[in-house]
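Chains as they are written, first to last, in this note's numbering: chain P, 894 to 1043; chain Z, 894 to 1043.
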């Protein structure tokens, strides 16, 4: 049984490591997908962040919901940076594909920071959310500075 | 205490019923948001559906993950159909805003069917997924036929 479990685990790992581009019918779909996910994430994060900063009236429920959506959707764009999706209507720097490990690390950092922000929003404290804002903003900026073309 | 609980519940209900358009800085953002969410949902649903139909090699893990993403994202577009978002680069029929109850009912129907499809995908059975496909497809089509302009 242990051997079977190990095989199942191996198969699962291979699936995760499979070229993400295989999940999309066309490279254009992958590019549109990652842009769409980024936009949905950004809109929700901005709303919750704006509430934390007092730019939008604070509503704990909406803030927590928005942050939770941002946390979930933050996981989605990365599967759409598969091979062959570096050309087209995209600001993605070709370095993404030659520095994939570093890119993935930055993407994971952002997800970690967004999860912290979402946890703060769930607590209902605008102060805690404010304290978590810099982490998210920093992670976004670092990756865009490194891998987004002008 | 009961009274306080009742007040809290009332406030929560009011928040849910508040104009969804208030959540977006500009009507264009709302329009782009609902299109983006629909696209992310459609891409994930199509992948899982394609696997159920044998058009894409069946991978239970990817199918379940994709269907779960589609189920989550299916909840998002509706907040972006607030007042003032009927104009612009959109195929949304103005009837959406004059028949809001019917539109919302159709949107809920789709979410219910998508949740059934996702549950089937979670079970790992391509047959169960296939059985749930018609419900999702029918709900998508009914709403697009009624409320999407050519």
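Glycine residues also receive a C-beta, built at the ideal position from the N, C-alpha and C atoms.
1) Which ranges would you report for the alpha helix (DSSP H) in the stretch 935 to 969 of chain P if only whole runs of at least 4 residues count?
2) Alpha carbon to alpha carbon, how far is residue 1035 of chain P from residue 998 of chain Z?
3) Give the DSSP-derived three-state secondary structure of residue 985 of chain P in the structure shown.
4) Any beta carbon of chain P sitting closer than 7 Å to that of residue 1026 of chain Z?
5) How many Å lie between residue 996 of chain P and residue 941 of chain Z at the Cα?
6) Hey, out of P:971, P:1016, P:984 and P:1013, whose CA is closest to residue 1042 of chain P's CA?
7) Inspect the beta-carbon positions of residue 862 of chain P and residue 1012 of chain P and report whether they are closer than 7 Å.
8) How would you list, in chain order, the residues of chain Z whose beta-carbon sits under 8 Å from the beta-carbon of residue 962 of chain P?
9) Would you list the residues sitting across from residue 1041 of chain P in a DSSP beta bridge?
10) Between which two residues does the alpha helix (DSSP H) harbouring residue 1009 of chain P extend?
11) Does the beta-carbon of residue 946 of chain P have 16 or more other beta-carbons within 10 angstroms, so that it is buried, or is it exposed?
12) Taking only beta-carbon atoms, is residue 930 of chain Z less than 7 Å away from chain P?
13) Identify, in the order they occur along the chain, each residue of the same chain with its Cβ nearer than 8 Å to the Cβ of residue 915 of chain P, setting aside the five sequence neighbours on each side.
14) Let's test the definition: count the other Cβ atoms within 10 Å of the Cβ of residue 950 of chain Z and tell me whether it reaches 16, buried, or not, exposed.
15) Closer than 8 Å by beta-carbon distance: list the chain P residues that pair up with residue 974 of chain Z, in chain order.
16) Using a threshold of 7 Å, state whether the C-beta atoms of residue 1003 of chain P and residue 1032 of chain P are closer than that.
17) When burial is assigned at 16 or more other CB atoms within 10 Å of the CB, is residue 970 of chain P buried or exposed?
18) On the premise that residue 933 of chain Z lies in contact with residue 1040 of chain P, defined as a C-beta separation below 8 Å, what is that separation, rounded to the nearest angstrom?
19) Looking at the structure shown, is residue 922 of chain P part of a helix, part of a strand, or coil, going by DSSP?
20) With distance defined between alpha-carbon atoms, name the residue in Z:968, Z:1005, Z:992 and Z:991 nearest to residue 928 of chain Z.
21) According to DSSP, simplified to helix, strand and coil, what is residue 980 of chain P?
22) Buried or exposed for residue 982 of chain P, please, with buried defined as at least 16 other CB atoms from any protein chain shown within 10 angstroms of its CB.
23) With 16 other CB atoms within 10 Å as the buried threshold, where does residue 918 of chain Z fall?
24) Report the CB separation of residue 1010 of chain P from residue 1025 of chain P in whole angstroms; it is logged as a contact under 8 Å.
25) Would you call residue 960 of chain P buried or exposed, if buried means 16 or more other Cβ atoms sit within 10 Å of its Cβ?
26) Does the Cβ-Cβ distance between residue 1007 of chain Z and residue 953 of chain Z come in under 7 Å?
27) Under 7 Å between C-beta atoms, does residue 935 of chain P make it to chain Z?
28) Got a sec? Which residues, its chain only, sit under 8 Å from residue 1022 of chain Z by beta carbon, not counting five neighbours each side?
29) I'd like the list of long-range same chain contacts for residue 938 of chain P, defined as Cβ closer than 8 Å, with 5 residues on each side in sequence excluded.
In short:
1) Listed in chain order, the alpha helix (DSSP H) elements of length 4 or more contained wholly in the stretch 935 to 969 of chain P are 953 to 966.
2) Taking the first residue of the first chain as position 1, residue 1035 of chain P is located at position 142. Taking the first residue of the second chain as position 1, residue 998 of chain Z is located at position 105. Approximately 43 Å between the Cα atoms of the pair.
3) Residue numbering aside, residue 985 of chain P sits at position 92 when the first chain is read from its first letter. Residue 985 of chain P: strand per DSSP, three-state reduction.
4) Taking the second chain and counting its residues from 1, one reaches residue 1026 of chain Z at position 133. Not one chain P Cβ lies under 7 Å of residue 1026 of chain Z.
5) In the first chain, residue 996 of chain P corresponds to position 103, counting from 1. In the second chain, residue 941 of chain Z corresponds to position 48, counting from 1. In this model, residue 996 of chain P and residue 941 of chain Z are separated by some 27 Å (Cα to Cα).
6) Stepping through the first chain from its first residue, residue 1042 of chain P is reached at position 149. Ranking P:971, P:1016, P:984 and P:1013 by Cα distance to residue 1042 of chain P puts P:984 first.
7) The structure shown does not extend to residue 862 of chain P, since chain P is modelled only from 894 to 1043, so the question has no answer here.
8) Here residue 962 of chain P corresponds to residue number 69 of the first chain, with the count starting at 1. Within 8 Å Cβ-Cβ: 969.
9) Taking the first chain and counting its residues from 1, one reaches residue 1041 of chain P at position 148. Beta-bridge pairing links residue 1041 of chain P to P:985.
10) Position 116 of the first chain, counting from 1, holds the residue named residue 1009 of chain P. Taken as a continuous stretch (DSSP letters only), the alpha helix (DSSP H) holding residue 1009 of chain P covers 993 to 1015.
11) The sequence position of residue 946 of chain P within the first chain is 53, counting from 1. Exposed, because fewer than 16 other Cβ atoms sit within 10 Å of the Cβ of residue 946 of chain P.
12) Taking the second chain and counting its residues from 1, one reaches residue 930 of chain Z at position 37. Chain P has a Cβ within less than 7 Å of the Cβ of residue 930 of chain Z.
13) Within the first chain, residue 915 of chain P is the residue found at index 22, counting from 1. Low per-residue confidence applies at residue 915 of chain P: pLDDT is 48, beneath 50, and the placement is therefore not dependable, though the value from the model is reported in the following sentence. Cβ-Cβ distances below 8 Å link residue 915 of chain P to 975 in the same chain, with the five nearest sequence neighbours on each side left out; the list follows chain order.
14) Position 57 of the second chain, counted from the first residue, corresponds to residue 950 of chain Z. Looking at its Cβ environment, which holds fewer than 16 other Cβ atoms inside 10 Å, residue 950 of chain Z is exposed.
15) Locating residue 974 of chain Z in the second chain gives position 81, where the first residue counts as 1. For residue 974 of chain Z, no chain P residue has a C-beta closer than 8 Å to its own C-beta; the minimum C-beta separation is roughly 14 Å.
16) Counting from 1 along the first chain, the entry for residue 1003 of chain P is found at position 110. Counting from 1 along the first chain, the entry for residue 1032 of chain P is found at position 139. Yes, the pair counts as a contact, with Cβ atoms nearer than the cut-off.
17) Position 77 of the first chain, counted from the start, is the residue given in the question as residue 970 of chain P. It counts as buried.
18) Against the first chain, residue 1040 of chain P aligns to sequence position 147. Against the second chain, residue 933 of chain Z aligns to sequence position 40. With a Cβ gap of about 21 Å, residue 1040 of chain P and residue 933 of chain Z do not count as contacting.
19) Here residue 922 of chain P is taken as the residue at index 29 of the first chain, counted from 1. In the three-state DSSP reduction, residue 922 of chain P falls in the helix class (H, G or I).
20) Here the question's residue 928 of chain Z lines up with position 35 in the second chain. For the options Z:968, Z:1005, Z:992 and Z:991, the alpha carbon positioned closest to that of residue 928 of chain Z is the one of Z:968.
21) On the first chain, residue 980 of chain P is found 87 positions in, with the first residue counted as 1. Of the three classes helix, strand and coil, the one that applies to residue 980 of chain P here is coil, per DSSP.
22) Working through the first chain from its first residue, we reach residue 982 of chain P at position 89. The C-beta of residue 982 of chain P has fewer than 16 other C-beta atoms within 10 Å across all chains shown, which makes the residue exposed.
23) The residue you call residue 918 of chain Z lines up with position 25 of the second chain. Classification for residue 918 of chain Z: exposed.
24) In the first chain, residue 1010 of chain P corresponds to position 117, counting from 1. In the first chain, residue 1025 of chain P corresponds to position 132, counting from 1. The beta-carbon distance between residue 1010 of chain P and residue 1025 of chain P, rounded to whole angstroms, is 4 Å. This is short enough to meet the 8 Å contact definition.
25) The residue labelled residue 960 of chain P in the question sits at position 67 within the first chain. A residue is called buried when at least 16 other Cβ atoms come within 10 angstroms of its Cβ; residue 960 of chain P meets this threshold and is buried.
26) Residue numbering aside, residue 1007 of chain Z sits at position 114 when the second chain is read from its first letter. Residue numbering aside, residue 953 of chain Z sits at position 60 when the second chain is read from its first letter. It is not a contact, given that the beta carbons lie outside the stated cut-off.
27) Locating residue 935 of chain P in the first chain gives position 42, counting from the first residue. No - not a single Cβ of chain Z is within 7 Å of the one on residue 935 of chain P.
28) Against the second chain, residue 1022 of chain Z aligns to sequence position 129. Same-chain partners within the cutoff: 941, 942, 944, 945, 956, 960, 1010, 1013 and 1014.
29) Taking the first residue of the first chain as 1, we reach residue 938 of chain P at position 45. So the list reads 959, 960, 963, 1007, 1010 and 1029, once near-sequence residues are dropped.
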